[in-house]
Amino acid sequence: MLQANHDQEARLQDRDGQIRSLEDKHQHARDALEHYRQASKEQREQEQRRHESQVQQLRLELRQLQQTLIVKQDELTQLNRDNARLLAEARQLQKDQHAQQQLLAQKTQALEIAQSTLTGIERTNEALEQRCHALQEEVARLGEDSSIQAQQAQSLQERLTEASTQLKLLGQTPPASSDGASSS
1 MLQANHDQEA
11 RLQDRDGQIR
21 SLEDKHQHAR
31 DALEHYRQAS
41 KEQREQEQRR
51 HESQVQQLRL
61 ELRQLQQTLI
71 VKQDELTQLN
81 RDNARLLAEA
91 RQLQKDQHAQ
101 QQLLAQKTQA
111 LEIAQSTLTG
121 IERTNEALEQ
131 RCHALQEEVA
141 RLGEDSSIQA
151 QQAQSLQERL
161 TEASTQLKLL
171 GQTPPASSDG
181 ASSS
């Protein structure tokens, strides 16, 4: 009986030991679970704070990007206005250039006509000078003749005077035409 009590006590102690061991394990498991919960809670809080910080950062960046976009849109609008103005100026300059080219062509044509007219007048003047010279020679030759020839010489002198007058008139005409050509 003593042996049975002793065995039973040993079993009870063994069982108490197992219970304490299980309680220790259970307490350890609870502590570990509590530690895990606390760590998980802290990690969630950290992640929540990090997430909120990232959201705030992204909102700030979004506001900055929106402001930048507004500035860029204003710049684009101004560039479009400048482009339209420059295009209008370029078209006006093209019109002005075309008008200047037409005016230059007209001036060139007028100058060519004036030069052609001057050339014609110079040829006529040259022909009249030759004619005048021939008449002067004829007058000199006829001056030595008789009174009939003197009358002929008088007639020729009159013709010479008339030709000289025409020559003088024609001699005055080229400068007047030249001035008229340069003023147009």
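In the UniProt record's numbering, the protein residues as written are 1 to 184. Ideal Cβ placement from N, Cα and C applies to all residues, glycine included.
Selected residue, minimal CA-CA separation from residue i, among the options
i	options	result
R131	S116, E162, Q18 and L111	E162
S164	S116, L79, G120 and Q136	Q136
E126	N80, L111 and G171	G171
L167	Q100, L104, I121 and I148	I121
Residue i, DSSP secondary structure in three states
i	result
G180	Below a pLDDT of 50, predicted positions are generally treated as unreliable, and G180, at 45, falls in that range; no measurement from the model is reported.
Exposure label - residue i; buried when at least 16 CB within 10 Å
i	result
L160	buried
E60	Per the sequence shown, residue 60 should be read as Leu rather than Glu. Counting Cβ neighbours within 10 Å, L60 comes out exposed, since fewer than 16 surround it.
L156	buried
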